[in-house]
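Participant:
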Amino acid sequence: MYGDATHQPRTSDYAIGNPAVIGQIQALFEQQLITQDCADGMPTLWVAAEHISALLSLCKHQLQPAYNMLYDITAIDERVRNHRDGQPASDFSVVYQLLSLTGNAFLRIKVALSDSHLRIDSQCDLWPNANWYERECHDMFGIEFIGHPNLYPLIIPPTWKGHPLRKEHPARATEMDPFSIDAEMQDEEQEALRFVPEQWGMQRTSQNTDYMFLNMGPNHPSVHGVFRVALQLDGEEVIDAVADIGYHHRGAEKMGERQAWHTYIPYTDRIDYLGGVMNNLPYVMTAEKLAGITVPERAKTIRVMLAECFRIQSHFLFFGTFAQDIGQMSPIFYIFADREMLFGVIESITGGRMHPSWFRIGGVAQDLPRGWQIKLQEFVNMMPARLDHYQKMVMDNRIIKQRTVGVGRYNSEQAIDWGITGGGLRATGYDWDMRKRMPYSGYENYDFDVPLGSNGDCYDRAMVRLEEIRQSLRIIQQCIDHMPTGPYKAEHSLTSPPNKQRSMEDIETLIQHFVNSSWGPVIPAGEACLPIEATKGINSYYLVSDGSTCSYRTRIRTPSFAHLQMIPTIGRGMMVADMIAIIASIDFVMADVDR
Numbered sequence: 001m002y003g004d005a006t007h008q009p010r011t012s013d014y015a016i017g018n019p020a021v022i023g024q025i026q027a028l029f030e031q032q033l034i035t036q037d038c039a040d041g042m043p044t045l046w047v048a049a050e051h052i053s054a055l056l057s058l059c060k061h062q063l064q065p066a067y068n069m070l071y072d073i074t075a076i077d078e079r080v081r082n083h084r085d086g087q088p089a090s091d092f093s094v095v096y097q098l099l100s101l102t103g104n105a106f107l108r109i110k111v112a113l114s115d116s117h118l119r120i121d122s123q124c125d126l127w128p129n130a131n132w133y134e135r136e137c138h139d140m141f142g143i144e145f146i147g148h149p150n151l152y153p154l155i156i157p158p159t160w161k162g163h164p165l166r167k168e169h170p171a172r173a174t175e176m177d178p179f180s181i182d183a184e185m186q187d188e189e190q191e192a193l194r195f196v197p198e199q200w201g202m203q204r205t206s207q208n209t210d211y212m213f214l215n216m217g218p219n220h221p222s223v224h225g226v227f228r229v230a231l232q233l234d235g236e237e238v239i240d241a242v243a244d245i246g247y248h249h250r251g252a253e254k255m256g257e258r259q260a261w262h263t264y265i266p267y268t269d270r271i272d273y274l275g276g277v278m279n280n281l282p283y284v285m286t287a288e289k290l291a292g293i294t295v296p297e298r299a300k301t302i303r304v305m306l307a308e309c310f311r312i313q314s315h316f317l318f319f320g321t322f323a324q325d326i327g328q329m330s331p332i333f334y335i336f337a338d339r340e341m342l343f344g345v346i347e348s349i350t351g352g353r354m355h356p357s358w359f360r361i362g363g364v365a366q367d368l369p370r371g372w373q374i375k376l377q378e379f380v381n382m383m384p385a386r387l388d389h390y391q392k393m394v395m396d397n398r399i400i401k402q403r404t405v406g407v408g409r410y411n412s413e414q415a416i417d418w419g420i421t422g423g424g425l426r427a428t429g430y431d432w433d434m435r436k437r438m439p440y441s442g443y444e445n446y447d448f449d450v451p452l453g454s455n456g457d458c459y460d461r462a463m464v465r466l467e468e469i470r471q472s473l474r475i476i477q478q479c480i481d482h483m484p485t486g487p488y489k490a491e492h493s494l495t496s497p498p499n500k501q502r503s504m505e506d507i508e509t510l511i512q513h514f515v516n517s518s519w520g521p522v523i524p525a526g527e528a529c530l531p532i533e534a535t536k537g538i539n540s541y542y543l544v545s546d547g548s549t550c551s552y553r554t555r556i557r558t559p560s561f562a563h564l565q566m567i568p569t570i571g572r573g574m575m576v577a578d579m580i581a582i583i584a585s586i587d588f589v590m591a592d593v594d595r
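Next comes the structure, spelled out in structure tokens:
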């Protein structure tokens with residue numbers, strides 16, 4: 001933790017995985033494996049498609065420590081990629097990323113598929129959260145997952161032609177013919193809108209009963225965006241609940257393949273649009289790892305300070321709308337006043353409010369302005385008393401407790417199986433926070449606690465986030481007290497853009513500025529993924545560089561995507577009014593889900 005002003009911060013290389021796990025797997029697994037070196041140091045193995053289920057089961061059940069969470073499943077269209085040294089021949093690669101919560105380490109497993117045989121076993125029986133990840137891969141790449149319970153389109157409409165993340169699919173509207181719709185196509189689109197319960201995996205309770213449905217959303221204030229939940233009811237009791245996502249899909253991953261490395265940074269702000277620069281952080285950290293850039297200590301501290309500011313403002317909105325959805329109107333007005341004050345502080349430092357896009361590859365956009373700490377200190381001083389007031393107003397309110405205690409409950413084991421991270425996992429009493437377990441950007445130097453719940457219900461999920469605001473204030477105070485001196489950006493040729501002062505004085509740096517700003521830096525070929533503890537859970541960008549001015553593959557793993565999958569599990573048997581509290585307690589935004 002930070003001590004006196006002369007304390008020198010510790011540094012870490014952000015250990016993303018345990019290399020020894022490869023030897024352990026090879027000793028237990030009889031089939032042939034190929035290892036791959038990646039820029040992030042995450043242990044990476046290739047296995048034949050017919051052996052993937054056995055290997056993943058071994059990783060979950062036999063390894064010590066076990067890789068008990070399926071963190072992500074995605075795919076790569078390899079057909080036009082040039083730099084694949086040491087990798088097996090492949091038209092498409094399916095990529096599994098696993099997380100060991102007990103071992104604090106990630107593991108990447110890859111499978112090569114040919115264009116003529118895009119089939120691989122489903123892992124839904126091993127991890128229930130594989131369901132949506134596999135459906136997304138089916139939508140985007142056309143990969144069939146054998147044994148999947150329902151490969152109905154998840155993100156794209158059922159009438160969509162082609163697979164958007166294949167390389168032959170256009171990345172811009174200008175690359176496509178002008179859109180038109182005739183009467184036949186209009187009838188087809190209208191028919192596709194028909195709700196067929198069986199397509200959604202719903203079943204009748206008996207031969208003598210019929211379905212009774214209620215649509216929550218996609219235009220309803222309690223679903224926090226264009227999000228729909230189809231409820232199957234028996235009176236007021238929820239028999240089944242199926243989430244319908246994709247209304248907010250904007251092709252953010254496809255955009256990453258066309259934008260230069262630094263011009264993509266503003267797009268990241270809009271993923272979790274309440275997270276602001278928190279979205280920039282995993283992206284720039286991963287690009288820096290690929291480029292071999294070491295970020296100065298001052299830049300790291302500035303990043304932590306601004307990231308925690310956005311954690312607070314995201315939690316503000318969650319807390320206010322949580323109370324509002326349940327029926328308590330006053331808190332959101334008080335909280336929005338505090339949120340506006342915080343936005344004023346952020347604007348005075350970055351020049352922007354919700355989406356400042358202020359982090360850069362190598363550091364931040366500019367140094368802190370003169371007197372930056374004055375307004376920020378006022379905010380930090382004011383908030384503890386305000387939080388105590390919110391505690392009494394909301395969390396100590398007996399009606400709030402009646403509506404939330406014991407509602408939407410799940411335990412730690414269920415949370416891990418469904419890929420729940422962040423406050424949703426810690427609400428079950430499971431002590432895991434990336435800032436503590438796998439510290440990055442200097443978080444190992446800060447003194448803060450990890451708030452925990454015990455019941456994993458709606459009440460605990462809200463209480464954990466309220467306590468996290470208090471801990472973020474502690475971190476910000478330490479940034480104010482111990483802000484290092486030095487540069488705010490690395491002196492490296494691939495930073496974007498380079499230091500402004502040097503650009504005005506040195507012709508070589510000016511040329512670098514011109515090239516990086518017009519075409520973008522050429523990031524060395526490789527693969528990397530450096531997750532962070534974002535506002536709603538673990539967020540990461542899995543970036544594949546082919547030695548170009550833009551990413552070959554940009555995979556965005558967001559926490560909300562995994563969290564919404566659990567709605568049917570925790571919603572069944574509840575009342576319709578309980579569903580409002582459950583959805584409010586999850587803390588998600590649809591841009592984070594759909595991307």
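Counting in this note's numbering, the sequence shown runs from 1 upward without gaps.
Backbone N, C-alpha and C fix where the C-beta goes; we use that ideal spot for every residue, glycine too.
This structure is a prediction, so every number in the text was calculated from the model and none was measured.
1) Could you check whether P149 and D139 sit closer than 8 angstroms to each other, using their CB atoms as the reference points?
2) Which same chain residues, not among the five before or five after G256, have their C-beta less than 6 angstroms away from its C-beta?
3) Cα separation between N129 and M216?
4) How far does the alpha helix (DSSP H) with G424 in it reach, from first residue to last?
5) With a floor of 3 residues, list each beta strand (DSSP E) that falls wholly inside the stretch 481-546, ordered by position along the chain.
6) Can you give me the C-alpha to C-alpha distance between S116 and F92, rounded to a whole angstrom?
7) Taking C-beta to C-beta, are F145 and E134 nearer than 8 angstroms?
8) Note down, in chain order, each residue of its chain lying with its Cβ closer than 8 angstroms to the Cβ of Y488, except the 5 sequence neighbours on either side.
9) Between G351, I293 and L274, which has its C-alpha nearest F316's C-alpha?
10) How is the beta strand (DSSP E) around T44 delimited, first residue to last?
11) Using the Cα positions of Q575 and P282, report the straight-line distance between them to the nearest angstrom.
12) Which residues bound the beta strand (DSSP E) around Q97?
13) Tell me, please, which residues DSSP counts as bridged to N215.
14) Applying the criterion that 16 or more other CB atoms from any shown protein chain within 10 Å of the CB defines a buried residue, is S560 buried or exposed?
15) Considering only the beta carbon of each residue, do I245 and D594 sit closer than 8 angstroms?
16) Could you tell me whether the stretch 520-527 touches the stretch 47-64, where touching means 3 or more Cβ pairs closer than 8 angstroms?
17) Going by DSSP, what residue range makes up the beta strand (DSSP E) through K110?
18) Identify the continuous beta strand (DSSP E) that holds V242 and give its terminal residues.
19) Does the pairing of the stretch 70-83 with the stretch 42-55 give three or more beta-carbon distances under 8 angstroms?
20) Within the same chain, show all residues whose beta-carbon is closer than 6 angstroms to that of G406, passing over the 5 residues directly before and after it, in chain order.
21) I'd like the span of the beta strand (DSSP E) that includes F145, first residue to last.
22) Need the endpoints of the alpha helix (DSSP H) that Q123 sits in, please.
23) Could you compute how far the alpha carbon of A75 sits from the alpha carbon of F588?
24) Pairing CB atoms from the stretch 431-442 with CB atoms from the stretch 531-550, are three or more of them under 8 angstroms?
25) If you run the structure through DSSP and keep just helix, strand and coil, what is C38?
26) So within the stretch 138-205, which uninterrupted beta strand (DSSP E) runs reach at least 3 residues, ignoring any that extend past its ends?
27) Cα separation between A581 and R194?
28) When the Cα of G442 is compared with those of W358, Q259, Q324 and V304, which residue comes out closest?
29) What span of residues does the beta strand (DSSP E) with Y552 cover, start to end?
30) Closest to L99 by CA distance: which of A15, H262, D481 and L233 is it?
31) For D77, which residues from the same chain have a beta carbon less than 7 angstroms from its beta carbon, with the 5 sequence-adjacent residues on both sides left out?
32) Check whether the Cβ atoms of S496 and W261 sit closer than 8 angstroms, and answer yes or no.
33) According to the neighbour-count rule (16 or more other Cβ atoms, all chains shown, within 10 Å of its Cβ), is M202 buried or exposed?
Facilitator: Quick look at the numbers:
1) Here residue 139 corresponds to residue number 139 of the sequence shown, with the count starting at 1. Here residue 149 corresponds to residue number 149 of the sequence shown, with the count starting at 1. Not a contact, by the Cβ cut-off of 8 angstroms.
2) To locate residue 256, count along the sequence shown from 1; it is residue 256. Here G256 has Y264, S551 and T554 as same chain residues with Cβ atoms under 6 angstroms from its own Cβ, once five neighbours each way along the sequence are excluded.
3) For the purposes of this step, residue 129 is identified with residue 129 of the sequence shown, where counting begins at 1. For the purposes of this step, residue 216 is identified with residue 216 of the sequence shown, where counting begins at 1. Roughly 22 angstroms separates the two Cα atoms.
4) Numbered from its first residue, the sequence shown carries residue 424 at position 424. Counting along the chain, the alpha helix (DSSP H) containing G424 begins and ends at G423 to R426.
5) Contiguous beta strand (DSSP E) elements confined to the stretch 481-546 occur at 526-529 and 538-545, taking only those with 3 or more residues.
6) Mapped onto the sequence shown, residue 116 falls at position 116. Mapped onto the sequence shown, residue 92 falls at position 92. S116 and F92: Cα-Cα distance of roughly 10 angstroms.
7) Here residue 145 is taken as the residue at index 145 of the sequence shown, counted from 1. Here residue 134 is taken as the residue at index 134 of the sequence shown, counted from 1. Contact flag set, yes.
8) Numbered from its first residue, the sequence shown carries residue 488 at position 488. Residues of the same chain with a CB within less than 8 angstroms of the CB of Y488, apart from the 5 flanking positions on each side, are P296, R298, A299, I302, G363, V364, Q366, D367 and L368 in chain order.
9) By one-based count along the sequence shown, residue 316 stands at place 316. Taking only the C-alpha atoms, the option nearest F316 is L274.
10) Position 44 of the sequence shown holds residue 44. Counting along the chain, the beta strand (DSSP E) containing T44 begins and ends at T44 to W46.
11) In the sequence shown, counting from the first residue as 1, residue 575 sits at position 575. In the sequence shown, counting from the first residue as 1, residue 282 sits at position 282. Here residue 575 is Met; the residue named in the question, Gln, does not match the sequence. When the Cα atoms are used, M575 and P282 turn out to be separated by approximately 39 angstroms.
12) Here the question's residue 97 lines up with position 97 in the sequence shown. Residues F92 to S100.
13) As a working mapping, residue 215 is identified with position 215 in the sequence shown. For N215, the beta-bridge partners assigned by DSSP are A230.
14) Position 560 of the sequence shown, counted from the start, is the residue given in the question as residue 560. Classification of S560: buried, given that the 10 Å Cβ count is 16 or more.
15) As a first step, residue 245 is located in the sequence shown; it is residue number 245 there, counting from the start. As a first step, residue 594 is located in the sequence shown; it is residue number 594 there, counting from the start. Yes.
16) The way I'd put it, the stretch 520-527 doesn't touch the stretch 47-64; fewer than three beta-carbon pairs between them come closer than 8 angstroms.
17) In the sequence shown, counting from the first residue as 1, residue 110 sits at position 110. K110 -> beta strand (DSSP E) spans A105 to L113.
18) Position 242 of the sequence shown, counting from 1, holds the residue named residue 242. Unbroken beta strand (DSSP E) run through V242: E237 to D244.
19) Contact annotation: the stretch 70-83 does not touch the stretch 42-55, with fewer than three C-beta pairs closer than 8 angstroms.
20) Numbered from its first residue, the sequence shown carries residue 406 at position 406. Same-chain partners within the cutoff: D457.
21) Indexing the sequence shown from 1 puts residue 145 at position 145. Boundaries of the beta strand (DSSP E) harbouring F145: E144 to I146, taken from the DSSP string.
22) For the purposes of this step, residue 123 is taken as the residue at position 123 of the sequence shown. First-last for Q123: undefined, no H or E at that position.
23) The residue you call residue 75 lines up with position 75 of the sequence shown. The residue you call residue 588 lines up with position 588 of the sequence shown. CA-to-CA, the gap between A75 and F588 works out to about 24 angstroms.
24) A contact exists between the stretch 431-442 and the stretch 531-550.
25) One-based indexing of the sequence shown puts residue 38 at position 38. DSSP places C38 in the coil class of the three-state scheme, outside both helix and strand.
26) For the stretch 138-205, the continuous beta strand (DSSP E) assignments of 3+ residues that do not extend past its boundaries occur at 144-146, in sequence order.
27) On the sequence shown, residue 581 is found 581 positions in, with the first residue counted as 1. On the sequence shown, residue 194 is found 194 positions in, with the first residue counted as 1. A581 and R194 have their C-alpha atoms spaced approximately 29 angstroms apart.
28) The residue labelled residue 442 in the question sits at position 442 within the sequence shown. Taking the Cα of G442 as reference, the smallest distance to any Cα among W358, Q259, Q324 and V304 is reached at V304.
29) Reading the sequence shown from its first residue, position 552 is the one you call residue 552. No beta strand (DSSP E) contains Y552, which DSSP labels as neither H nor E.
30) As a working note, residue 99 is residue 99 in the sequence shown. The residue with the shortest Cα to Cα distance from L99 is A15.
31) In the sequence shown, residue 77 corresponds to position 77, counting from 1. Residues of the same chain with a CB within less than 7 angstroms of the CB of D77, apart from the 5 flanking positions on each side, are F92, F141, L165, R166 and K167 in chain order.
32) Residue mapping note: residue 496 aligns to position 496 of the sequence shown, counting from 1. Residue mapping note: residue 261 aligns to position 261 of the sequence shown, counting from 1. Result yes, Cβ atoms of S496 and W261 sit closer than 8 angstroms.
33) Counting from 1 along the sequence shown, the entry for residue 202 is found at position 202. Answer is buried; the Cβ neighbour count reaches 16.
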